[in-house]
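If you're matching positions, the sequence shown starts at 1 in UniProt numbering and goes up one per residue. By construction, the Cβ of each residue, glycine as well, lies at the ideal position given by its N, Cα and C atoms. What follows is a set of notes on a single structure, which appears directly below.
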Amino acid sequence: MSFEEGLSTPVNMKLQLIPVLQHMHHDTTTAAMVRILCTQLLKNYPAARDFTLVILNTLTELSLATLVDIPSQVSLVLDAGYSDIETGIIKLAKRPQCWTNPTIERLVEIIQTLPLRRTPALLHVLVILTRSPGIVHSHHDRKSKLMSLAHDMALSCNLLVAVKSVQIITNIVSYCYKEGLPVSPDSIFVLEALLLVLAVSDTTTPYILKTALKCTVSLCQSNLSLCSQFVDLIGNQMLNESNTQSALLCEALAAIGNLEPQVLKPFQPSILKKLNHGHYNQSKTMLYTLLFQIHAGSNFAQSNFLQYISPLNSIPLWDIYKVARSAARYGHHNICLYILNNISHKICSENLYFWLISFQYLSQGENFLKTGTEGENRNVYIENLEKSITCYCKALSSLKAANVFTNQVIEYVNLRCELLQDVSRLLATCNSLCTTPPPAIASTVAQTTRDDLHRFGHITTQLRKRSLEFHALIESYDRLYELCFDLDNSSLLNIKIFKYMSSLLEYSINMIVCTNNQYMEQPLLDIEDVDSLSLEHKIMIKYCNEILQLTKLNFNAMPKVITHKKINIVKRQCQILMDTPMCFPRFIFQSLQSTQIKLSIQPERKFNTQGTETVTIQNSHELIIKVEGVIEKMSRVPQFRSIKNVRIHLNSQLLMRSVHDASKLPDASAVKALKQEVPAHNDFFTAEFLLSFQIGGSHQIQISASLVDLEDKTWHTGPRHTLTVKVHDEIHHNRPGVSN
1 MSFEEGLSTP VNMKLQLIPV LQHMHHDTTT AAMVRILCTQ LLKNYPAARD FTLVILNTLT
61 ELSLATLVDI PSQVSLVLDA GYSDIETGII KLAKRPQCWT NPTIERLVEI IQTLPLRRTP
121 ALLHVLVILT RSPGIVHSHH DRKSKLMSLA HDMALSCNLL VAVKSVQIIT NIVSYCYKEG
181 LPVSPDSIFV LEALLLVLAV SDTTTPYILK TALKCTVSLC QSNLSLCSQF VDLIGNQMLN
241 ESNTQSALLC EALAAIGNLE PQVLKPFQPS ILKKLNHGHY NQSKTMLYTL LFQIHAGSNF
301 AQSNFLQYIS PLNSIPLWDI YKVARSAARY GHHNICLYIL NNISHKICSE NLYFWLISFQ
361 YLSQGENFLK TGTEGENRNV YIENLEKSIT CYCKALSSLK AANVFTNQVI EYVNLRCELL
421 QDVSRLLATC NSLCTTPPPA IASTVAQTTR DDLHRFGHIT TQLRKRSLEF HALIESYDRL
481 YELCFDLDNS SLLNIKIFKY MSSLLEYSIN MIVCTNNQYM EQPLLDIEDV DSLSLEHKIM
541 IKYCNEILQL TKLNFNAMPK VITHKKINIV KRQCQILMDT PMCFPRFIFQ SLQSTQIKLS
601 IQPERKFNTQ GTETVTIQNS HELIIKVEGV IEKMSRVPQF RSIKNVRIHL NSQLLMRSVH
661 DASKLPDASA VKALKQEVPA HNDFFTAEFL LSFQIGGSHQ IQISASLVDL EDKTWHTGPR
721 HTLTVKVHDE IHHNRPGVSN
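Below, the structure is given as structure tokens:
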């Protein structure tokens, strides 16, 4: 550090050497020495602007790395008084847990003295800080300096300053709602006033309006009672024909409608009127989304069907497809089917044609289920269930022909088809109780097997088979979930819900045919925050709760007896499952990101005369297997989940024992299962395994890789490699006249 202090070192060299000091944070003593040195240099060169900025930036990076002296660093940066110090303050705001109340109050006092042109950057610092619960808890009172500043600035004539202040108020008020703390009515009023000003102001930019609308949605998420209040305000602005920002307003209404769809119902006539407007604008697709949210979970009435689909004639084909996709998302498969029937023949690409045909079959299958449960005729809904299964089989064929979807998407549709098939078989089994009475030998079989449920005949055996089928389906959903590392959270939750439905039906069947049902655990849906769910997931979970309530009736009924009442409950549960709208997730058929692992395995595999890959080794030697891999990532959006480690699995199994092997070890001793969990440095990882083979013959080694995310969840993404090892018996190999 003598170079920086020495007078013989040129100033330009010091400017290049000082930034190196920010990396000296691995030792507390060294970091303290660096801070003392830089502070002394700052005093020695008070008038050198470039020198001061370099030192301040170095100390800021050092404080962020060591998590010490952040309050004093904030004071140091603020005391410098330069117009471009906001960058350093914003960096320090990313460590809000290290800020003290006096430091925040000092920042508030400085903001009050600055001109408006410099205020937005420092207000953004407060926006970042108020995302921390600890800071908000200390300044949530209306009389605090932070809240007083935010309310005063929210009424500023500078719209950027006003919207930044509203962001601060929103962060604090949202925390108060979640924690049950009192909220001043003025805090809601300032946001309403800002929205009204933005509606009539000529200087409103899309960024300012979008930020204000995000604050509105955030407040509605914290307190659902505010939804109707803000919907009235935003809806009236959206319906104004002269409003050029109607697309953003529609997005905000859709976000609020995702929380409370009923608050949109008063605007339904106005939305239909705006849809039938002569000229086309970008907000029409969002207006359809609002209609779908109002009627989410139920088909449109046939009498009103035409007034909803007639405006589609004035919309381009791509936007018509977006309307169909939105209809499928909220369970309106009759409208989706109508749209796809009209546009599927207008596609010039073969792959896209097969995709639209498969989408059409999926919607048709779900539409059959919806119409099948509306009638009371038992034969009608069973017949429609069979038609739905047929449509799903056709959709699977078209999906494979499209050749643009991953195996996970195809398996997702396939499991939905299997679920419907299991429900169909379960209904047939339940109906057989009335048509096939137990045989005369049933009592004898019950005594022989010591199972009283066999007194009721074949239905006991059939119901237990149905239970095993649902259990296999649950395991298939588990395997699918572990393969979907690249799916968004909404699609993964959709898989969880269908697995939960299958678990409920299995649980309901076991309540009837298991003799020890009092020891069975009720299936649970693993969801952290139910209130944060999207509208389509809330609808599906509502039907799941209905199935669960019926299951409890069988739990309280007389055990070891199969009655018509119990069977009718199971049939009613099947009808509820059929009535549950299949809400296709927004991104289930899109590839937003791709994560692939490529492995290189040593020793390299060599082909023998038969064309198979083998590695030859003596049984007295040990085999070193080195696995190297690289992770390839491609994403159009921020990564849904981050990779913590890579887990390498190695399984070795004896395929064929050598005829010359003299060992008496059983074949089971040749089965080995090893695994290593290694970190990925710059998306590269390596692992080594040491294997010994005591039994001569052919061994098969399978090597696979899986990902571990930051939540320690394992994702079996693959790939899987197979290596054949031929182990020679050294004693036999060394005999004269013996060749390989």
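Asked: How far does the alpha helix (DSSP H) with residue 595 in it reach, from first residue to last?; Found: That residue, residue 595, is in no alpha helix (DSSP H); its beta strand (DSSP E) goes 593-602.
Asked: Under three-state DSSP, which class holds residue 373?; Found: Here the model assigns residue 373 a pLDDT of 49, short of 50, so the residue's position is not dependable and the matter cannot be decided.
Asked: Consult DSSP for residue 679 and reduce its assignment to one of helix, strand or coil.; Found: strand
Asked: Okay, do the segment 235-255 and the segment 283-290 touch, 3+ Cβ pairs below 8 Å being the bar?; Found: yes
Asked: So residue 289 is in the alpha helix (DSSP H); what residue range does that whole segment cover?; Found: 284-294
Asked: When the distance is taken between beta carbons, is residue 426 closer than 8 Å to residue 574?; Found: yes
Asked: Please classify residue 657: does DSSP put it in a helix, a strand, or coil?; Found: strand
Asked: Work out the CA separation of residue 272 and residue 569 for me, nearest whole Å.; Found: 41 Å
Asked: Take every Cβ of the segment 398-409, pair it with every Cβ of the segment 443-459, and state whether three or more of those distances are shorter than 8 Å.; Found: no
Asked: Which whole-angstrom value describes the C-beta separation of residue 255 and residue 584, a residue pair presumed to lie in contact below a C-beta threshold of 8 Å?; Found: 20 Å between Cβ atoms; not a contact.
Asked: Where does residue 234 fall in DSSP's three states?; Found: helix
Asked: Evaluate residue 307 with the Cβ neighbour count: other Cβ atoms within 10 Å of its Cβ, from every protein chain shown; 16 or more gives buried, anything less gives exposed.; Found: exposed
Asked: Residue 160 and residue 204: beta carbons closer than 8 Å?; Found: no
Asked: Can you tell which of 194, 172, 269 and 604 has its C-alpha closest to the C-alpha of residue 156?; Found: 194
Asked: Excluding the five sequence neighbours on either side, which residues of its own chain have a C-beta within less than 8 Å of the C-beta of residue 639, listed in chain order?; Found: 593 and 633
Asked: Can you list, in chain order, the residues of its chain with a C-beta nearer than 8 Å to that of residue 170? Leave out the 5 residues immediately preceding and following it.; Found: 191, 215, 218 and 219
Asked: Taking the continuous alpha helix (DSSP H) assigned at residue 150, which residues delimit it?; Found: 145-154
Asked: Could you please give the first and the last residue of the uninterrupted alpha helix (DSSP H) stretch that includes residue 213?; Found: 206-222
Asked: Among 615, 717, 699 and 700, whose alpha-carbon lies nearest the alpha-carbon of residue 648?; Found: 717
Asked: Where residue 692 and residue 417 are concerned, what is the direct C-alpha to C-alpha distance, given to the nearest angstrom?; Found: 46 Å
Asked: Please work out which residues of its chain come closer than 6 Å, Cβ to Cβ, to residue 373, disregarding the five sequence neighbours upstream and downstream, and give them in chain order.; Found: Interpretation of residue 373 is limited by its pLDDT of 49, a score under 50 that renders its predicted location unreliable; the figure taken from the coordinates is listed afterwards. Cβ neighbours of residue 373 beyond the five flanking positions: 381, 575, 578 and 579.
Asked: If we ignore side chains and look at the alpha-carbon of each, how far apart do residue 542 and residue 530 end up?; Found: 11 Å
Asked: Looking only at C-alpha atoms, which of 626, 428, 494 and 653 sits nearest to residue 587?; Found: 494
Asked: For residue 260, name the three-state secondary structure that DSSP assigns.; Found: coil
Asked: In angstroms, rounded to a whole number, what distance separates the CA positions of residue 38 and residue 64?; Found: 16 Å
Asked: Look up residue 29 in the DSSP assignment and say whether it is helix, strand or coil.; Found: helix
Asked: For residue 77 and residue 107, which I take to be in contact (beta-carbon distance under 8 Å), what is that distance rounded to the nearest angstrom?; Found: 10 Å between Cβ atoms; not a contact.
Asked: Could you spell out the range, first to last residue, of the beta strand (DSSP E) harbouring residue 686?; Found: 684-692
Asked: Tell me where the alpha helix (DSSP H) around residue 333 begins and ends.; Found: 333-343
Asked: Among 497, 421, 335 and 510, which has the Cα closest to the Cα of residue 461?; Found: 510
Asked: Below 8 Å between beta carbons: does that hold for residue 365 and residue 397?; Found: no
Asked: I need the straight-line Cα distance from residue 225 to residue 466, nearest angstrom please.; Found: 45 Å
Asked: At the level of alpha carbons, what is the spacing between residue 636 and residue 29?; Found: 44 Å
Asked: Thinking C-beta only, is residue 700 closer than 8 Å to residue 714?; Found: no
Asked: Rounded to a whole number of angstroms, what is the C-alpha to C-alpha distance between residue 683 and residue 595?; Found: 11 Å
Asked: Where residue 614 and residue 604 are concerned, what is the direct C-alpha to C-alpha distance, given to the nearest angstrom?; Found: 9 Å
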